[in-house]
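Participant:
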Amino acid sequence: MGHLDHATFGWLTPVLSYVMACIGAALGLRCTVRALGATGRSRRNWLLTAASAIGTGIWTMHFVAMLGFGVGGTEIRYDVPMTILSLVVAMVVVGAGVFAVGYGRDRGRALVLGGLTTGVGVASMHYLGMAALRLHGAVTYDPVLVGVSVVIAVVAATAALWAALNIKSPVAVAAASLVMGGAVSSMHYTGMIAVSVRVTPSGEVLPGATVMQFIFPLAVGLGSYLFLTSAFVALSPTADEREASASAQRPVEPVAS
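Read in order, the letters of the sequence shown correspond to residues 7 to 263 in my numbering.
Given below as C-alpha cells:
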C-alpha cells in the first residue's frame, strides 16, 4: 500500500479549501435568497448564479484540497476531460436542486428533493474528480466511509437549502455558509479517508496533466470568478432597496384642500 498524505503543504490546503467552500456557499445562499424575492427572468438568473456559485465553490474546494494530496511511490496526474466533467456535473446537479427549491410550490417536498439532488451532486463531483486521478497503482474505497460521505453531502445540502428558504439576513446567511463549508470539507475528507492505493512501481509516463499544469490554474480562475461574483452580488440592490428607490422617485400627489 502506498502512503497517503492529505496535507503535503500542512494546514494551507485544508484551510484554503474550507474558505473556498464557504465563499461558494455564502454566494449561492445569498443568490437563492434574492431569487425567492424575485419573479420571472430575474428569479431564473439568480438561481443560475446560485447554482454556478455553489457548484464552483464545491469543485474548487475539492481540487484545492487535492493540491495537498500525495501518494508515496508514485506521481499523480489528472485526466483533463474527466476533471472538467466533474465541474459540469457539480453545476448541473446542484442547479437542479436549487431550481427545485426556487420553483417548488410545496416547500417541504421541494426541500427534500432539492437536498437529495444537490447532495448526490456534491458526492458525484467528488468521486468523478477522484476517478480523474492517474497514478501507478490501483485505487480502492471503503464502502462504509463512502456511504457516510454521501450522507454528509445530502445532510449538508438539505441544511443549506433550508437556510436559503428560512434565513434572510446577511449575518445569518454568513453563519450558515460557515456551517455548510465545514460540512462540505468533512464530506471531502471522509471520502479521502475511504481511499486506499496499492502502488505498482513503473517507469512509464503517466497520461494526463500535473496539478500545476491544469488544476492550479483552473482553481485560481474559478476562485477569481467567485470573488468577482461576490462583489457583484454585494453591490446589487435587493428587492426591498429597489422598491424603496422606486417609491422615492414617485411624484407626490398634492393634497386636496
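Even glycine gets a Cβ: it sits at the ideal position worked out from N, Cα and C.
1) Please confirm if the segment 122 to 133 is in contact with the segment 153 to 164, defined as three or more CB-CB distances below 8 Å between the two stretches.
2) Which of the three DSSP states is assigned to Gly-79 in this structure?
3) Can you round the beta-carbon distance between Ala-57 and Met-97 to whole angstroms, since I take them to be within the 8 Å contact cut?
4) Report buried or exposed for His-194, applying the criterion of at least 16 other Cβ atoms within 10 angstroms of its Cβ.
5) For Gly-153, count the other beta carbons within 10 Å of its own beta carbon; 16 or more makes it buried, fewer makes it exposed. Which is it?
6) With distance defined between alpha-carbon atoms, name the residue in Val-239, Thr-216, Phe-233, Leu-234 nearest to Phe-69.
7) In three-state DSSP terms, what is Ser-155?
8) Is Ala-252 helix, strand or coil when you go by DSSP?
9) Can you check which of these residues, Phe-15, Asp-11, Ala-27, Val-145, is closest to Ser-192 by C-alpha distance?
10) Closest to Val-177 by C-alpha separation, out of Val-77, Met-72, Leu-35, Gly-214, would be which residue?
11) Which term fits Val-211, buried or exposed, when burial requires 16 or more other beta carbons within 10 angstroms of its beta carbon?
12) I'd like the list of long-range same chain contacts for Ser-155, defined as Cβ closer than 6 Å, with 5 residues on each side in sequence excluded.
13) Going along the chain, which residues of its own chain have a beta-carbon closer than 6 Å to the beta-carbon of Ala-225, five neighbours each way excluded?
Facilitator: According to the data block:
1) Pairwise C-beta distances place the segment 122 to 133 in contact with the segment 153 to 164, as three or more of them are shorter than 8 Å.
2) Position 73 of the sequence shown holds residue 79. Under the three-state reduction of DSSP, Gly-79 is assigned to coil, being neither helix nor strand.
3) Within the sequence shown, residue 57 is the residue found at index 51, counting from 1. Within the sequence shown, residue 97 is the residue found at index 91, counting from 1. Yes, Ala-57 and Met-97 are in contact; Cβ-Cβ is about 6 Å, under 8 Å.
4) Counting from one through the sequence shown, the residue named residue 194 turns up at place 188. It counts as buried.
5) For the purposes of this step, residue 153 is taken as residue 147 along the sequence shown, with counting starting at 1. Looking at its Cβ environment, which holds fewer than 16 other Cβ atoms inside 10 Å, Gly-153 is exposed.
6) As a working mapping, residue 69 is identified with position 63 in the sequence shown. Phe-69 has its Cα closest to that of Thr-216, out of Val-239, Thr-216, Phe-233, Leu-234.
7) Your numbering for residue 155 matches position 149 in the sequence shown. Annotated three-state conformation of Ser-155 is helix, per DSSP.
8) Along the sequence shown, read from residue 1 onward, the residue named residue 252 stands at position 246. Confidence at Ala-252 is low in this model, with a pLDDT of 49, below 50, so the placement of that residue should be treated as unreliable; the coordinate-derived value is given next. Ala-252 carries a helical assignment under DSSP once its states are collapsed to helix, strand and coil.
9) Residue mapping note: residue 192 aligns to position 186 of the sequence shown, counting from 1. That would be Ala-27, whose Cα lies nearest to the Cα of Ser-192.
10) Position 171 of the sequence shown holds residue 177. Nearest option by C-alpha distance: Leu-35.
11) Walking along the sequence shown from the start, residue 211 turns up at place 205. Exposed, since its Cβ has fewer than 16 Cβ neighbours within 10 Å.
12) Position 149 of the sequence shown, counting from 1, holds the residue named residue 155. Met-193, Thr-196, Gly-197.
13) Indexing the sequence shown from 1 puts residue 225 at position 219. The residues are Thr-66, Phe-69, Val-70.
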